[in-house]
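Residue numbers (our numbering), protein chains in the order written: chain A, 1298 to 1829; chain B, 1298 to 1829. Since the structure comes first, as structure tokens, the remarks are kept for the end.
2 protein chains.
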Amino acid sequence: MAMASCISKGKDYNYKILMEELVGKMISLPVKLWLTAIEVGREDPRRPIHALKVGVSLTLVSFLYLLEPLFVTVGQDAMWAVITVVVVLEFTAGATLCKGLNRGFGTLCAASLAFFIEIMSQNSGRVFHASFIGISVFLVGFLATYVRFVPYIKKNYDYGVVIFLLTFNLITVSSFRVHNVLHLTRDRLSTIAIGCGICLFMSLFILPNWSGEDLHNSTVQKLELLARSIEACVNKYFQDEDKEVIAREDKSSKDQIYMGYRAVLDSKSSDEALALFASWEPRHSRHCYSFPWQQYVKLGAVLRRFGCTAVALHGCLESEIKTPLSVRSLFRDPCSRVASEVCKVLDELARSIRSRRHCSPNMLSDHLHEALQDLNSAIKSQPRLFLGSKNARRTANALVDWRSDKNTSSTVALSSAKSDISSLLEGRGKRAPDTPKGLSERKSLRPTLSKIAITSLEFSEALPFAAFASLLVEMVARLELVIEEVEELSRAANFKFSQEDEAVIEMEYCEEKKPSATAKFFQSNVVSQTAE
Amino acid sequence: MAMASCISKGKDYNYKILMEELVGKMISLPVKLWLTAIEVGREDPRRPIHALKVGVSLTLVSFLYLLEPLFVTVGQDAMWAVITVVVVLEFTAGATLCKGLNRGFGTLCAASLAFFIEIMSQNSGRVFHASFIGISVFLVGFLATYVRFVPYIKKNYDYGVVIFLLTFNLITVSSFRVHNVLHLTRDRLSTIAIGCGICLFMSLFILPNWSGEDLHNSTVQKLELLARSIEACVNKYFQDEDKEVIAREDKSSKDQIYMGYRAVLDSKSSDEALALFASWEPRHSRHCYSFPWQQYVKLGAVLRRFGCTAVALHGCLESEIKTPLSVRSLFRDPCSRVASEVCKVLDELARSIRSRRHCSPNMLSDHLHEALQDLNSAIKSQPRLFLGSKNARRTANALVDWRSDKNTSSTVALSSAKSDISSLLEGRGKRAPDTPKGLSERKSLRPTLSKIAITSLEFSEALPFAAFASLLVEMVARLELVIEEVEELSRAANFKFSQEDEAVIEMEYCEEKKPSATAKFFQSNVVSQTAE
């Protein structure tokens, strides 16, 4: 009996625990929900505002039913206004416009076609009428669904076709029972117009969210994320000494690296959707007729490819194929400087896009080149790690004849690199914005820059580091493409010039006739090089 | 007058040209449309079939209006069946199920809530009733819209919430005018059920398209595309000799490279959508309760990161930072062999996934290792390009102490690499599928393999080539991750074993007790190495 009471006590105890757990969960659930709700709102404060807008719109549209005078006017068809508001009112103005106009146009087309079919089969017998409707429903259903597979339609007008199909079916089919189709169509159209009107008013005039702004901001953010990612990546590569510090910082820096390039790599579909919606928005047309949203998509594609270099750089860390610490620490400063210059350029590009002004690529490229040059000299200043000039001469036959002698070569290579860059930048400053000649010149000049940087890295033993360094240089080459695309964007979108830029352009215009000092320097170098 | 007639003749001529152009366009437009239609159908023959299915479903649902006995039963509410068919019937069975069940569940919830509110405000005055409805419409609209921003809801139940909001509003608002809400709700639910039934029947039983199949096939295709991309990339890198051939082949090979990795990099959103829809499909549950569709998404993520290496490899071609031809041609065969082995592994993985059987990683890794070893020996056999052993010894202090002597080190490194791989594969064969210990062992072993391959590439001058080669080795290391993920998939999805595999597993089970020949070899090597 003692045992039985013990068991029952145990049971009671179990029940108590279970009950406590259940109560605990019941209490924690609302807390959890509340925290999630706050988190969602904090991430983007426009969300609760949008939710409020939807609530208000629905209440407004429900007045069509609730208020006697309105109900008398629109009657049962008020339902269509409710459906329209629920389905059309989207987060951004562009998306609402896109859906609203698609819906309106789809409905109009469908109503016309349905009306045409109704007229065609008006004076026929009951059975013929029914089979005629059946056949036309089948045919239109087949064709409309098939048309939705065409990529162009799918991308731009998918929703419109769905609404066309929906409205056509509803009108055609109900025309068999209702005799005044014109009346039916007119009522339905007017209520849909009321719904669309409320949606457009709410999304265009009451605290509007613009898809274009989102696309603009996300592009800026992507540039900044990439900068942070590369920064963290290079820092981590050269930071192996303090094992304890790493253990603490490892996770956060890894997250930062990963988050950075992942956000860029995964941005394709959201970019395209935003650009599509933005193209419906009536904004930014002050400067140009159609704002070049597709240019943002293109920039996104270039950034994705740039991001791939960041992934490869991260691969150098992750795969643990590392250069000995001693070698790495020798090059920490110059490498970090190249990386920080890359980051600076990315940040500067982000800033220029954010403030919608032209970036100044001259300044950017100059610093970048100086950093590359530093890396170059750092490598040259560590003779222990490279071949002597004797050895170099022995293997020179197997190589291209970029340089004839080790000692002269370094100065020639550097000065020609310098003048290459100068001419590159001059060409950029001078050329008219859209001359294809200027573009092709730059295309042929860019590789030269990278080539010089790469061939001057003459390690013998620090090979894994060579891969890291060449990825860094590759990154600089890719960065040029990013700069080019940002320039293209700022030209296409008529970004404003800063005052300094305007001064520079004016100066360059004045000096265009006489050859510049750097060009002279370049020419003399070429002469001395060929003389040798 | 002659001039006037001349002018009028000229005008006539212009009109004639214009008319001809117009007629030409009028004739070419249908031809163009027809060609587009044929192209769309040829790309995926399931598309016209799906369009036919939609046409048939719509015709079926229109019978609710057209046939007298059916119309008498369901009446005006037949409209809801039409709306349901248009909106719910999707291309794949999973998408239809997802939408249909979301719609059904959303409607049920909304109807219950609306009914509850109706009961609450039943016996109140007219004005109170109206304001009660208005407030509840506002609150539910606000909350439902806000809930849609929660990522989990957005991903899985977005459509359900929209339908909930729609139905709730329609029922609540119309309850103000219609007094028998229960009747109204029941009729509406029954017609929606008819619509959903037709959709589910059409998509599940008449020539169904499975999202799961699509995901499966697209994964296979991605592996194959990557293989072709890498193949084309490496071929192009070593193909500079015949300039004429390049000019002809350049565009097509570039397209192939680009198409390959681009398809992989851009696959995220479609993969996730397919996996989501596939998770609703009632298929493949013969083997396991829930088919691991998320594993395909994970594999896709690993493939995207693998694809980034392909992009970086392509970067070596595109940036024109190239090694001199003489150096490149020396290593064409071993590099091509590594690349072709990588491609073979990718193709083998694709084949094994396609036929839903376990892949045999042993065989794959062995060949891959042989190819890496070949590259290694090729590099060692070109002393002209590397430091002599004297030089190596001089710089050895700055390097890690992986090897003590040049001559012995190569054999030790190779044999230990060999035994590393053997033990890696043994460990893989032996270990239970889910032991975390086995996983961690492999994680620590993989870098060793790559480390050895990298450090044996001791060039002095062929640095740009070093970057190319190290990317190739990096690719092999990443490939291991892909193989791992495919194995994980085949385990999770209960893929069948081929007969050879079963024999191998049995043998390994028998030999598990006694140490293998390679293990003995490895042990003796370690002993000799430490003795030195």
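Here a beta-carbon is modelled for each residue, glycine too, at the ideal position from N, C-alpha and C.
Checklist entry - For residue 1445 of chain A, which of helix, strand or coil comes out of DSSP? => result Start at 1 with the first residue of the first sequence, and residue 1445 of chain A comes out as number 148. Here residue 1445 of chain A sits in coil by DSSP.
Item to check | Per-residue burial, residue 1312 of chain B [other beta carbons within 10 Å of its own, 16 or more giving buried] | outcome: Against the second sequence, residue 1312 of chain B aligns to sequence position 15. Residue 1312 of chain B comes out exposed.
Next on the checklist: Check whether the stretch 1418-1427 of chain B and the stretch 1353-1366 of chain B touch, using three or more Cβ-Cβ pairs below 8 Å as the test.
Outcome noted: no
Next on the checklist: Short of 7 Å Cβ to Cβ, which residues in the stretch 1770-1788 of chain B face chain A?
Outcome noted: 1771, 1774
Checklist entry - At a CB-CB cut-off below 9 Å, which residues of chain A make contact with residue 1404 of chain B? => result As a working mapping, residue 1404 of chain B is identified with position 107 in the second sequence. Under the 9 Å cutoff, chain A gives no residues; its nearest Cβ is about 13 Å from residue 1404 of chain B.
Checklist entry - Hey, does residue 1551 of chain A have any beta-carbon neighbour from chain B nearer than 7 Å? => result Here residue 1551 of chain A is taken as the residue at index 254 of the first sequence, counted from 1. Cβ-Cβ to chain B under 7 Å: no for residue 1551 of chain A.
Checklist entry - What separation, rounded to the nearest whole angstrom, lies between the Cα atoms of residue 1510 of chain A and residue 1338 of chain A? => result Position 213 of the first sequence, counting from 1, holds the residue named residue 1510 of chain A. Position 41 of the first sequence, counting from 1, holds the residue named residue 1338 of chain A. Whole-angstrom Cα-Cα distance: 19 Å.
Checklist entry - Considering residue 1456 of chain A, what are the terminal residues of the alpha helix (DSSP H) in which it resides? => result For the purposes of this step, residue 1456 of chain A is identified with residue 159 of the first sequence, where counting begins at 1. Residue 1456 of chain A -> alpha helix (DSSP H) spans 1455-1471.
Checklist entry - What does residue 1381 of chain B reach in chain A if we use C-beta pairs closer than 7 Å? => result Translated into positions along the second sequence, residue 1381 of chain B becomes position 84. Those do not exist, as residue 1381 of chain B stays about 10 Å from chain A at its closest Cβ, beyond 7 Å.
Checklist entry - What is the residue span of the alpha helix (DSSP H) that residue 1532 of chain B lies within? => result As a working note, residue 1532 of chain B is residue 235 in the second sequence. Its alpha helix (DSSP H) spans residues 1508-1534.
Item to check | Limits of the unbroken alpha helix (DSSP H) element including residue 1377 of chain B | outcome: Walking along the second sequence from the start, residue 1377 of chain B turns up at place 80. Element bounds for residue 1377 of chain B: 1375-1385.
Checklist entry - Do the stretch 1599-1613 of chain B and the stretch 1778-1785 of chain B make contact, defined as three or more Cβ pairs closer than 8 Å? => result yes
Item to check | Spatially closest choice to residue 1412 of chain A from A:1482, A:1628, A:1561, A:1765, by CA coordinates | outcome: The residue given as residue 1412 of chain A occupies position 115 in the first sequence. Of the candidates A:1482, A:1628, A:1561, A:1765, the one whose C-alpha sits nearest the C-alpha of residue 1412 of chain A is A:1482.
Item to check | Spatial distance of residue 1427 of chain B from residue 1368 of chain A (CA atoms) | outcome: Taking the first residue of the second sequence as position 1, residue 1427 of chain B is located at position 130. Taking the first residue of the first sequence as position 1, residue 1368 of chain A is located at position 71. For residue 1427 of chain B and residue 1368 of chain A, the distance between alpha carbons rounds to 13 Å.
Next on the checklist: Do residue 1378 of chain A and residue 1491 of chain A count as a contact pair if the criterion is CB distance below 7 Å?
Outcome noted: In the first sequence, the residue the question calls residue 1491 of chain A occupies position 194. In the first sequence, the residue the question calls residue 1378 of chain A occupies position 81. Their beta carbons are under 7 Å apart, which means residue 1491 of chain A touches residue 1378 of chain A by this criterion.
Checklist entry - So residue 1497 of chain B and residue 1394 of chain B are in contact, right, with Cβ under 8 Å, and what is the actual spacing, rounded? => result On the second sequence, residue 1497 of chain B is found 200 positions in, with the first residue counted as 1. On the second sequence, residue 1394 of chain B is found 97 positions in, with the first residue counted as 1. Going by Cβ atoms, the distance from residue 1497 of chain B to residue 1394 of chain B rounds to 7 Å, so yes, they are a contact pair.
Checklist entry - Given that residue 1605 of chain B touches chain A, what residues does it touch there, using C-beta distances under 7 Å? => result Position 308 of the second sequence, counted from the start, is the residue given in the question as residue 1605 of chain B. Chain A residues near residue 1605 of chain B: 1605, 1608, 1609.
Checklist entry - Do you know offhand how far residue 1558 of chain A's Cα is from residue 1518 of chain A's? => result Residue mapping note: residue 1558 of chain A aligns to position 261 of the first sequence, counting from 1. Residue mapping note: residue 1518 of chain A aligns to position 221 of the first sequence, counting from 1. Distance between the alpha carbons of residue 1558 of chain A and residue 1518 of chain A: 11 Å.
Checklist entry - In whole angstroms, what is the alpha-carbon distance linking residue 1562 of chain A and residue 1424 of chain A? => result Counting from one through the first sequence, the residue named residue 1562 of chain A turns up at place 265. Counting from one through the first sequence, the residue named residue 1424 of chain A turns up at place 127. Taking the straight line from one Cα to the other gives about 59 Å.
Item to check | Residue ranges of each beta strand (DSSP E) within the stretch 1558-1607 of chain A, 3 or longer | outcome: none
Checklist entry - In three-state terms, what does DSSP make of residue 1474 of chain B? => result For the purposes of this step, residue 1474 of chain B is taken as residue 177 along the second sequence, with counting starting at 1. Correct three-state label for residue 1474 of chain B: coil.
Next on the checklist: What ranges does the beta strand (DSSP E) occupy inside the stretch 1648-1676 of chain B, keeping only unbroken runs of at least 3 residues that lie completely in it?
Outcome noted: none
Checklist entry - Counting Cβ pairs closer than 8 Å, one from the stretch 1630-1645 of chain B and one from the stretch 1628-1641 of chain A, do we hit at least three? => result no
Item to check | Extent of the continuous alpha helix (DSSP H) to which residue 1348 of chain B belongs | outcome: In the second sequence, the residue the question calls residue 1348 of chain B occupies position 51. Looking at the DSSP string, the run of the alpha helix (DSSP H) that includes residue 1348 of chain B is 1343-1363.
Checklist entry - Alpha carbon to alpha carbon, what distance is there between residue 1652 of chain B and residue 1757 of chain A? => result Indexing the first sequence from 1 puts residue 1757 of chain A at position 460. Indexing the second sequence from 1 puts residue 1652 of chain B at position 355. In this predicted model, residue 1757 of chain A has a pLDDT of only 32, less than 50, meaning its place in the structure is not dependable; the value taken from the coordinates is given anyway. Answer to the nearest angstrom: the Cα atoms are 48 Å apart.
Checklist entry - Hey, does residue 1456 of chain B have any beta-carbon neighbour from chain A nearer than 7 Å? => result Position 159 of the second sequence, counted from the first residue, corresponds to residue 1456 of chain B. No, its Cβ sits nowhere closer than 7 Å to a Cβ of chain A.
Checklist entry - Using the rule of at least 16 other Cβ atoms within 10 Å of the residue's Cβ for burial, across every protein chain shown, is residue 1455 of chain B buried or exposed? => result Position 158 of the second sequence, counting from 1, holds the residue named residue 1455 of chain B. Classification for residue 1455 of chain B: exposed.
Item to check | Cβ-Cβ separation, residue 1529 of chain A to residue 1554 of chain A (assumed contact under 8 Å), whole Å | outcome: Locating residue 1554 of chain A in the first sequence gives position 257, where the first residue counts as 1. Locating residue 1529 of chain A in the first sequence gives position 232, where the first residue counts as 1. About 5 Å; that satisfies the 8 Å criterion.
Checklist entry - Got a sec? Which residues, its chain only, sit under 8 Å from residue 1314 of chain A by beta carbon, not counting five neighbours each side? => result The residue given as residue 1314 of chain A occupies position 17 in the first sequence. Excluding residues within five positions, none has a Cβ falling inside 8 Å.
Next on the checklist: Taking 6 Å as the limit between beta carbons, can you name the residues of its chain near residue 1347 of chain B, skipping five residues before and five after?
Outcome noted: The residue given as residue 1347 of chain B occupies position 50 in the second sequence. Within the same chain, residue 1347 of chain B has close Cβ partners 1388.
Checklist entry - What separation, rounded to the nearest whole angstrom, lies between the Cα atoms of residue 1742 of chain B and residue 1335 of chain A? => result Sequence index remark: in the second sequence, residue 1742 of chain B carries index 445 (1-based). Sequence index remark: in the first sequence, residue 1335 of chain A carries index 38 (1-based). Residue placement at residue 1742 of chain B cannot be trusted, given a pLDDT of 33 that sits under 50; the coordinates are not used to answer.
Next on the checklist: Rounded to the nearest angstrom, what separates residue 1310 of chain B and residue 1320 of chain B at their Cα positions?
Outcome noted: Here residue 1310 of chain B refers to the residue found at position 13 of the second sequence. Here residue 1320 of chain B refers to the residue found at position 23 of the second sequence. Those two C-alpha atoms are separated by around 15 Å.
Checklist entry - Of the residues that make up the stretch 1430-1444 of chain A, which ones have a beta carbon closer than 9 Å to any beta carbon in chain B? => result 1430, 1431, 1432, 1434, 1435, 1436, 1437, 1438, 1439, 1440, 1441, 1442, 1443, 1444
Item to check | Inter-residue Cα distance where the pair is residue 1318 of chain A and residue 1324 of chain A | outcome: Start at 1 with the first residue of the first sequence, and residue 1318 of chain A comes out as number 21. Start at 1 with the first residue of the first sequence, and residue 1324 of chain A comes out as number 27. Distance between the alpha carbons of residue 1318 of chain A and residue 1324 of chain A is about 10 Å.
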